[in-house]
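Peer 1: Each residue of the sequence shown is one higher than the last, beginning at 1 in the numbering used here. Would you mind keeping the following structure in view while I ask a few things?
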Amino acid sequence: MSSLILWGLLWEIVGRLDVTFFVPPLSEVVSTLISVIGTPAFLKALSETAYAFFAGVFFAVFIGIPTGILMGKSRLLDELLLPWVNMFLSAPLTALVPVLMVLFGFGMKAIIITTTLFAIWIIILNSRAGVLQINRSLVEMARSFGASPLDAFFKIYFWAALPEILGGVRIGVIRAVKGVIIGQLLISIVGFGALFELYANNFLMAHFWAVLIVLFALAFTISECLSYLERRVSYYAAKR
1 MSSLILWGLL
11 WEIVGRLDVT
21 FFVPPLSEVV
31 STLISVIGTP
41 AFLKALSETA
51 YAFFAGVFFA
61 VFIGIPTGIL
71 MGKSRLLDEL
81 LLPWVNMFLS
91 APLTALVPVL
101 MVLFGFGMKA
111 IIITTTLFAI
121 WIIILNSRAG
131 VLQINRSLVE
141 MARSFGASPL
151 DAFFKIYFWA
161 ALPEILGGVR
171 IGVIRAVKGV
181 IIGQLLISIV
191 GFGALFELYA
201 NNFLMAHFWA
211 VLIVLFALAF
221 TISECLSYLE
231 RRVSYYAAKR
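Right, dumping it as structure tokens:
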């Protein structure tokens, strides 16, 4: 909190000194935010961005966690998929956006897929890492009590790897924010991407920073909630 106050004061001073038009005073940004946050244009942009973001995160979690767990369980599947996962994680995914536009068009579907691609790879890797660190005695115990592969998946692997899974989801959510904005700027100018484009082109920097603060605040809030949940289940790591 002290750090935020310090940076806020520094921002206000730089804005008052009129060093550059790109950085207006923080007080002006907050005042602008209060004035635009209830407008129909802002609420529509927020709903479009939230829809694309949560849909992309849902698919990333729904696909990424089972894939990562299966990679941790199966050596063959791990050797088959791991090079591709590492390649997509380190690749500049923005370069794939034109390909997605050709394949899926210029609508919300392409934006959701872009968001999913930004988030899914780190979720897969963290889920895989969590499974690889499971104490083998837990797996052997499940087998000795006659657990089916489905029972072992949901009752052993998932819960024992949960701290790493939540860590991957938290990082994936942060990457998904970047993915949804890139999608809304490059694929279809909607949501917050449309507001960024409008305010930047008209040099409305207070409005630009106001929307950016909202975006950062939402991402930070979701990340902190997941971080809190991660700490709550961290005792599983000691039980492994």
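Glycine is no exception: its CB is placed at the ideal position from the N, C-alpha and C atoms. Computed from a prediction, not measured in an experiment: that's the story for all the values here.
Which residues in the same chain as E164 place their Cβ atom closer than 8 angstroms to its Cβ, once the five residues preceding and following it in sequence are excluded?
Peer 2: Only N126, S127, A129, G130, Q133 meet the Cβ criterion.
Peer 1: Would you check if there are 3 or more beta carbon pairs closer than 8 angstroms linking the stretch 187 to 205 to the stretch 3 to 15?
Peer 2: No, the stretch 187 to 205 does not touch the stretch 3 to 15.
Peer 1: Suppose only complete runs of 4+ residues qualify. What are the alpha helix (DSSP H) ranges in the stretch 47 to 87, listed by chain order?
Peer 2: Listed in chain order, nothing qualifies, since the stretch 47 to 87 has no complete alpha helix (DSSP H) run of 4 or more residues.
Peer 1: Using the Cα positions of A60 and D18, report the straight-line distance between them to the nearest angstrom.
Peer 2: Going by the C-alpha atoms only, they are around 43 angstroms apart.
Peer 1: Going by DSSP, what residue range makes up the alpha helix (DSSP H) through K155?
Peer 2: Unbroken run through K155: none, as it is neither H nor E.
Peer 1: Between which residues of its own chain and A45 is the CB-CB distance below 6 angstroms, once the five residues before and five after are set aside?
Peer 2: Around A45: G191, F192, L195.
Peer 1: Got a sec, what are the start and stop residues for the alpha helix (DSSP H) I181 sits in?
Peer 2: It spans 162 to 186 - the alpha helix (DSSP H) in which I181 sits, taken as one unbroken run.
Peer 1: Rounded to whole angstroms, what is the Cα-Cα separation between G107 and I189?
Peer 2: Using only the alpha carbons, I get a separation of about 9 angstroms.
Peer 1: How far does the alpha helix (DSSP H) with H23 in it reach, from first residue to last?
Peer 2: Here residue 23 turns out to be Val, not His, going by the sequence shown. That residue, V23, is in no alpha helix (DSSP H); it is neither H nor E in DSSP.
Peer 1: Our contact map puts A52 next to I111 with C-beta atoms below 8 angstroms; I'd like the distance itself, whole angstroms only.
Peer 2: Indeed they touch by this definition, with Cβ atoms about 5 angstroms apart.
Peer 1: Pull up the distance between the alpha-carbon of F54 and that of F118, whole angstroms please.
Peer 2: Spanning the two alpha carbons is a distance of roughly 13 angstroms.
Peer 1: Would the stretch 147 to 163 and the stretch 99 to 106 be scored as touching if the rule is three or more Cβ pairs under 8 angstroms?
Peer 2: Judged by Cβ distances under 8 angstroms, the stretch 147 to 163 makes no contact with the stretch 99 to 106, as fewer than three pairs qualify.
Peer 1: Note the first and the last residue of the continuous alpha helix (DSSP H) segment covering F196.
Peer 2: That run of the alpha helix (DSSP H) goes 191 to 201.
Peer 1: At what residues does the alpha helix (DSSP H) containing S148 begin and finish?
Peer 2: No alpha helix (DSSP H) contains S148, which DSSP labels as neither H nor E.
Peer 1: Under three-state DSSP, which class holds V214?
Peer 2: Of the three classes helix, strand and coil, the one that applies to V214 here is helix, per DSSP.
Peer 1: I need the DSSP call for L226, collapsed to helix, strand or coil.
Peer 2: Reduced to three states, the DSSP call for L226 is helix.
Peer 1: Could you tell me the distance, in whole angstroms, from the CA atom of T200 to the CA atom of P24?
Peer 2: The displayed chain sequence assigns Ala, not Thr, to residue 200. Going by the C-alpha atoms only, they are around 13 angstroms apart.
Peer 1: CB L215 to CB V177, shorter than 8 angstroms?
Peer 2: Against a cut-off of 8 angstroms, the Cβ pair of V177 and L215 comes out as a contact.
Peer 1: How would you write the range of the alpha helix (DSSP H) that L96 sits in, first residue to last?
Peer 2: Run containing L96: none; DSSP gives neither H nor E here.
Peer 1: State yes or no: is the C-beta of I120 within less than 8 angstroms of the C-beta of G172?
Peer 2: Going by C-beta atoms, I120 is nearer than 8 angstroms to G172.
Peer 1: My understanding is that Q184 touches T49, with C-beta atoms under 8 angstroms, so please give their C-beta distance in whole angstroms.
Peer 2: Indeed they touch by this definition, with Cβ atoms about 7 angstroms apart.
Peer 1: Using DSSP with H/G/I as helix, E/B as strand and the rest coil, what is T114?
Peer 2: Note: T114 maps to helix in three-state DSSP.
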